[in-house]
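Residue numbers (my numbering): 111 to 647.
Here's the structure, in structure tokens; my notes come after.
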């Protein structure tokens, strides 16, 4: 691997005060940063890359994503029914009928993307209704937020769920008075049930879609991601990709915990390509199906009442009984793992911080980097409390652009929407935040995250929470060096500094000077991983 010097462009190192003329890389590492003459003197025989006025940045980091899961939800035989693809529920039903008519006998079918907030004529598909659409083929309709699944009778049978099946702790199975499942399941049992469908399609299909997903990250300049719903059997897919030498972003795995006695494998990789970073617990669920825990009720609107089936005054609840959640958190924290906890509702966040504060009082741990994931309705007092406890927040900021209007109009009202995903407040409190796309819920794009965090505009141009905006430089830090800090890799990744990995991205324009409403559209010219060109040229 030859030494390479990049120069004649804007170099954004994400290191305080730096504005170098040139960067050199060698052997997969950054070896020199500074004035062009000085760098040339250190690397006299280097190949030179003229940036031609373009911008060089450290490779982007998506601190909360699901690459393998995304592969499972994209591409045939999964049928995309997201609102951006199929705008009405009536059209979804018609698409299901057409796909079932073309299906082989017994073929397993998944339809991904049903959305109570964006499909205006949506009805909750019951088991009985789905049986009329597909009496013989197992079918599942997954919500766009990924947390709920509707099954027909053949689907329930294929997944081994019936009236005698106990509902796992942390899951939901809606049943009639006899105990028979009526169609909808949610949370952990959803992801277990879906594996039945994925396994029926075979490993070749998954391998192809996984290659497509990891290529999409690299096309967007993302060189490190997390697998934030890691399950032990995922390891085979990752190891296979690495053995084949596929260009693949670095993967930090956070193993999903649904019980206090699950074994967490200590995966370590000397090349920093795939490692076990910590443990994840879902303390609550999705804003868009109502299974989060809030202090102030959801609004009583047509969407909440008819499409989400929420009763007036609905405040939800946590996924797990509080004592069960505390047992889990204590168990994995005591093992030394970095903990990341999915939290959307403010009462859920209270519960999590209460338990953590008690644990830290009993067994203090410096630099635990405990993370709260998503943080939709986090209050100002909770941000200050989190900062005091050393807790970090990773915000699913894309809620604003994709679902901002129904969040304000139908779910929570303007006062709560004004501080929904309160990134600005967290930054003002001194927290090092990260932003994430939560792929497959939204597609991977670090530049979209930056634009949403700085503008907070919906797709139709409505601004949701202008006081929670952050500046472009802070947003860039949240997808580079601050994201690296959140996954404990700031000494190796996230900025351009000698000794760090040569993960780099070249953009057509400098995000610091580009039009604010065009950040997501800046072309990614090239992506380098360990100094190797893995996208563009």
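Don't be surprised by glycine CBs; every beta carbon is placed ideally from N, CA and C.
Quick caveat: nothing in here was measured; it's all calculated off a predicted structure.
Looking at the secondary structure, which residues open and close the beta strand (DSSP E) in which residue i lies?
i: residue 385; result: 384–392
i: residue 404; result: That residue, residue 404, is in no beta strand (DSSP E); it is neither H nor E in DSSP.
i: residue 327; result: Element bounds for residue 327: not the beta strand (DSSP E) but the alpha helix (DSSP H), 313–329.
i: residue 340; result: 332–340
i: residue 396; result: Element bounds for residue 396: n/a, residue is neither H nor E.
i: residue 353; result: Note, residue 353: premise wrong, no beta strand (DSSP E); alpha helix (DSSP H) at 345–353.
i: residue 374; result: Run containing residue 374: none; DSSP gives neither H nor E here.
i: residue 284; result: 281–285
i: residue 117; result: 114–117
i: residue 361; result: 360–366
i: residue 135; result: 132–136
i: residue 292; result: 291–297
Going by C-alpha to C-alpha distance, which of the options sits closest to residue i?
i: residue 224; options: 614, 471, 418 and 487; result: 418
i: residue 491; options: 138, 421 and 538; result: 538
i: residue 272; options: 262, 279 and 280; result: 262
i: residue 480; options: 489, 495 and 609; result: 495
i: residue 439; options: 389, 545 and 283; result: 389
i: residue 140; options: 127, 118 and 112; result: 112
i: residue 300; options: 282, 571 and 541; result: 282
i: residue 370; options: 237, 231, 423 and 434; result: 434
i: residue 497; options: 575, 467, 508 and 487; result: 467
i: residue 175; options: 610, 335, 401 and 493; result: 335
i: residue 443; options: 367, 145 and 307; result: 367
i: residue 157; options: 461, 173 and 136; result: 136
i: residue 114; options: 154, 228 and 145; result: 154
i: residue 161; options: 118, 319, 229 and 243; result: 118
i: residue 401; options: 454, 447 and 441; result: 454
i: residue 312; options: 583, 383, 181 and 373; result: 181
i: residue 613; options: 600, 144, 639 and 602; result: 639
i: residue 457; options: 404, 234, 146 and 505; result: 404
i: residue 200; options: 501, 173, 228 and 185; result: 228
i: residue 326; options: 376, 392 and 172; result: 172
i: residue 576; options: 623, 525 and 547; result: 525
i: residue 426; options: 445, 393 and 437; result: 393
i: residue 406; options: 242, 527 and 163; result: 527
i: residue 488; options: 416, 626, 129 and 502; result: 502
i: residue 420; options: 398, 244 and 447; result: 398
To the nearest angstrom, how far is it from the Cα of residue i to the Cα of residue j?
i: residue 191; j: residue 222; result: 6 Å
i: residue 207; j: residue 428; result: 36 Å
i: residue 589; j: residue 213; result: 42 Å
i: residue 274; j: residue 288; result: 10 Å
i: residue 564; j: residue 578; result: 9 Å
i: residue 124; j: residue 396; result: 33 Å
i: residue 620; j: residue 150; result: 24 Å
i: residue 535; j: residue 250; result: 40 Å
i: residue 410; j: residue 523; result: 10 Å
i: residue 257; j: residue 296; result: 6 Å
i: residue 593; j: residue 330; result: 16 Å
i: residue 215; j: residue 204; result: 19 Å
i: residue 630; j: residue 554; result: 11 Å
i: residue 381; j: residue 516; result: 44 Å
i: residue 323; j: residue 317; result: 10 Å
i: residue 483; j: residue 514; result: 18 Å
i: residue 152; j: residue 460; result: 53 Å
i: residue 637; j: residue 310; result: 35 Å
Would you grab the beta carbon distance between residue i and residue j for me? Rounded to a whole angstrom, and I think it's under 8 Å.
i: residue 359; j: residue 332; result: 6 Å
i: residue 100; j: residue 567; result: The shown model of the chain, from 111 to 647, leaves out residue 100, and the question about it has no answer.
i: residue 531; j: residue 573; result: About 13 Å; that fails the 8 Å criterion.
i: residue 303; j: residue 278; result: Residue 303 to residue 278, Cβ: 11 Å. No contact.
i: residue 591; j: residue 387; result: That belief does not hold up - the Cβ atoms of residue 591 and residue 387 are roughly 17 Å apart, past 8 Å.
i: residue 167; j: residue 617; result: 7 Å
i: residue 521; j: residue 408; result: 6 Å
i: residue 178; j: residue 337; result: 6 Å
i: residue 143; j: residue 159; result: At roughly 15 Å, the Cβ-Cβ gap does not stay under 8 Å, so residue 143 and residue 159 are not in contact.
i: residue 293; j: residue 339; result: Rounded, the Cβ-Cβ distance is 23 Å, inconsistent with contact.
i: residue 198; j: residue 230; result: 7 Å
What residue range does the alpha helix (DSSP H) around residue i cover?
i: residue 408; result: Per DSSP, residue 408 belongs to no alpha helix (DSSP H) and is neither H nor E.
i: residue 463; result: 456–472
i: residue 534; result: 533–538
Examine the ligand ZN and report whether any of its heavy atoms sits within less than 7 Å of the Cβ of residue i.
i: residue 254; result: Absence of the ligand ZN is noted for the structure shown, with no ligands found whatsoever.
Say whether chain D places a C-beta atom closer than 8 Å to the C-beta of residue i.
i: residue 615; result: The chain labelled as chain D is not found in the depicted structure, where only one protein chain is given.
Checklist entry - What residue ranges within the segment 566–617 form continuous beta strand (DSSP E) runs of no fewer than 3 residues, ordered along the chain? => result 614–617
Item to check | Residue ranges of each alpha helix (DSSP H) within the segment 423–453, 4 or longer | outcome: 432–444
Next on the checklist: Threshold first: 3 residues or longer. Then list the beta strand (DSSP E) segments lying entirely within the segment 229–268, N to C.
Outcome noted: 249–253 and 258–261
Next on the checklist: Report the start-end ranges of each alpha helix (DSSP H) in the segment 481–531 that is 4 residues or longer and not cut off at the edges.
Outcome noted: 490–499, 508–516 and 523–527
Item to check | Those runs of the alpha helix (DSSP H) which lie wholly inside the segment 616–646 and span at least 4 residues | outcome: none
Item to check | beta strand (DSSP E) runs contained entirely in the segment 147–216, provided each spans 3 or more residues | outcome: 157–160, 165–168 and 170–172
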